[in-house]
Amino acid sequence: MLTRRSLLKSAPLLALAPTVPAFLAKTACAAGPKPDTRALVVVQLDGGNDALNTVVPFADPEYAKLRTKLRHDTKRLVKLNDSLGLHQALKPLDKLWDGGHLAVVPGIGYPNPNRSHFQSMATWHTARFEEEEIRASYGWLGRALDAGGGESCVVAGDAPQAVRGRRAAAVALTRADDLLLTDPATAKAAIGAPTLADDLLAFVQRQAASANTSAEKIAELTRDRSDAAYPATALGQKLQLVARLLKSGSAARVYYTTQSGYDTHAQQENAHSILLSEFAGAVSAFFADLTAAKCADRVALLAFSEFGRTIKENGSVGTDHGTAGCAFLAGPGLKGGVHGTVPSLTDLVAGEPKMTTDFRRVYAAVLEHWLGLPAEGALGARFDPPSLFRG
Numbered sequence: 001m002l003t004r005r006s007l008l009k010s011a012p013l014l015a016l017a018p019t020v021p022a023f024l025a026k027t028a029c030a031a032g033p034k035p036d037t038r039a040l041v042v043v044q045l046d047g048g049n050d051a052l053n054t055v056v057p058f059a060d061p062e063y064a065k066l067r068t069k070l071r072h073d074t075k076r077l078v079k080l081n082d083s084l085g086l087h088q089a090l091k092p093l094d095k096l097w098d099g100g101h102l103a104v105v106p107g108i109g110y111p112n113p114n115r116s117h118f119q120s121m122a123t124w125h126t127a128r129f130e131e132e133e134i135r136a137s138y139g140w141l142g143r144a145l146d147a148g149g150g151e152s153c154v155v156a157g158d159a160p161q162a163v164r165g166r167r168a169a170a171v172a173l174t175r176a177d178d179l180l181l182t183d184p185a186t187a188k189a190a191i192g193a194p195t196l197a198d199d200l201l202a203f204v205q206r207q208a209a210s211a212n213t214s215a216e217k218i219a220e221l222t223r224d225r226s227d228a229a230y231p232a233t234a235l236g237q238k239l240q241l242v243a244r245l246l247k248s249g250s251a252a253r254v255y256y257t258t259q260s261g262y263d264t265h266a267q268q269e270n271a272h273s274i275l276l277s278e279f280a281g282a283v284s285a286f287f288a289d290l291t292a293a294k295c296a297d298r299v300a301l302l303a304f305s306e307f308g309r310t311i312k313e314n315g316s317v318g319t320d321h322g323t324a325g326c327a328f329l330a331g332p333g334l335k336g337g338v339h340g341t342v343p344s345l346t347d348l349v350a351g352e353p354k355m356t357t358d359f360r361r362v363y364a365a366v367l368e369h370w371l372g373l374p375a376e377g378a379l380g381a382r383f384d385p386p387s388l389f390r391g
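Counting from 1, one number per residue, gives the positions in the sequence shown under the working numbering.
Laid out in structure tokens, this is it:
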């Protein structure tokens, strides 16, 4: 029997009642991925990734002086050119690099950098610096989706500030079944029961029935029958879910997920290697999966961190909060290569490298050249986008 209590208790997705049914309905009705609908996948590297040991300027003699214990063996690096190499743990990205599908942006950051995790991430999320604008909770992707239309889909966790907009809404889930009513009996009753007398609960009942029917279709569509092999890591599982949604014809334009653990103040070498290995393995598997499903061409991935780390290692064989970092973009639509200037290790500000690429320029390229969304309003000003995409 359907009761008010059972309906409300078993439908956590109803907190997003105005949003979820529309998103679900569009996705459930899709016959498969639309070749002309581009999507962006964002991977936030939480904690402050050590850019200097990720994209390594091995030919610069200052590198060895600064990193007496944490420096890499040049022979083990994944060489990008005669002076720059990737951490050896990023070896799984070789295929993307060799195919011209991996773009590396060194020296990325913003003017007057803040070394607080919270403040710096808020700046990256909102593309704003004024406290009042940051507190408004609207993000760069949320604003762009408000202006251009489309939903975002947040995988694993609460909606980050980056995707929040006035109208644009995000759906958070860790697996497709999260969208279902939690009690099967209540789900069946909600669909077949007479409408409840209470107007508000009658609305909830209709939304629940509609959402659950669509969610069941999505759960079926996203049951992966491919032979795609993903690493058994948290990020691997998150990107596998994103791939399943993309292959099922998801209506979302943006998918957002995180990988945590980059705040490597002590004993960095092993921890950082594991993190980058997990990142590279997950991203490599993700694009192999999408390529086999013939939908990789419409997907681009952006990976970033809130800041880099100090160029000098600390006494705990780690690094502390720094300034300029690095970003990766991947996908068949990218112009592969190193984009931008590698920061000098001698021309410093407060002991740290100067930013060489403003992250808002990369955002502008992603919005205008990839998603076809207006960038100026989302970013608060006009930024000259670098030529990162093929067209």
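We put the CB at the ideal spot given by N, CA and C, even for glycine.
- Here the alpha carbons of Gly261 and Thr310 stand approximately 17 Å from one another.
- Contact annotation: Val42 and Leu141 have beta-carbon atoms nearer than 9 Å.
- With distances taken between CA atoms, Leu241 lies nearest to Ala156 out of Ser387, Ala156 and Ala293.
- Burial state of Thr319 is buried, judged by a 10 Å Cβ sphere holding 16 or more other Cβ atoms.
- By the CB criterion at 9 Å, Cys326 and Val55 fall inside the cutoff.
- Counting along the chain, Gly109 sits inside no alpha helix (DSSP H); it lies in the beta strand (DSSP E) bounded by residues Leu102 to Gly109.
- Taking 9 Å as the cut-off, the Cβ atoms of Glu352 and Gly322 count as close.
- A straight-line Cα-Cα distance of about 9 Å links Glu62 and Ser344.
- Assignment of Lys75 by DSSP, reduced to helix, strand and coil, places it in the helix class.
- When secondary structure is reduced to three states using DSSP, Ala271 falls in the helix class.
- Annotated as proximal: Val283 and Leu93, with beta-carbon spacing under 9 Å.
- Annotated three-state conformation of Leu86 is strand, per DSSP.
- Scanning its chain for C-beta atoms nearer than 6 Å, with the 5 sequence neighbours on each side dropped, one finds around Phe286 the residues Leu239 and Ala243, in chain order.
- Checking the DSSP bridge columns, you'll see Ala252 partnered with Glu151.
- Under the three-state reduction of DSSP, Arg360 is assigned to helix.
- Following the DSSP letters along the chain, one finds Phe58 in no beta strand (DSSP E), marked with neither H nor E.
- At the C-beta level, Lys335 and Phe389 come within 9 Å of one another.
- Note that the C-beta distance between Arg143 and Ala378 is below 9 Å.
- DSSP places Phe118 in the uninterrupted alpha helix (DSSP H) bounded by His117 to Thr126.
- Note on geometry: alpha-carbon atoms of Leu371 and Leu329 lie some 14 Å from one another.
- Of all C-beta pairs linking the region 296 to 304 to the region 69 to 86, fewer than three are shorter than 8 Å, placing the two stretches out of contact.
- For Gly377, the uninterrupted alpha helix (DSSP H) run begins and ends at Glu376 to Leu379, by DSSP.
- Collapsing the DSSP output to three states places Leu173 in a strand.
- Take the alpha-carbon of Ala271 and the one of Asp50: they are about 11 Å apart.
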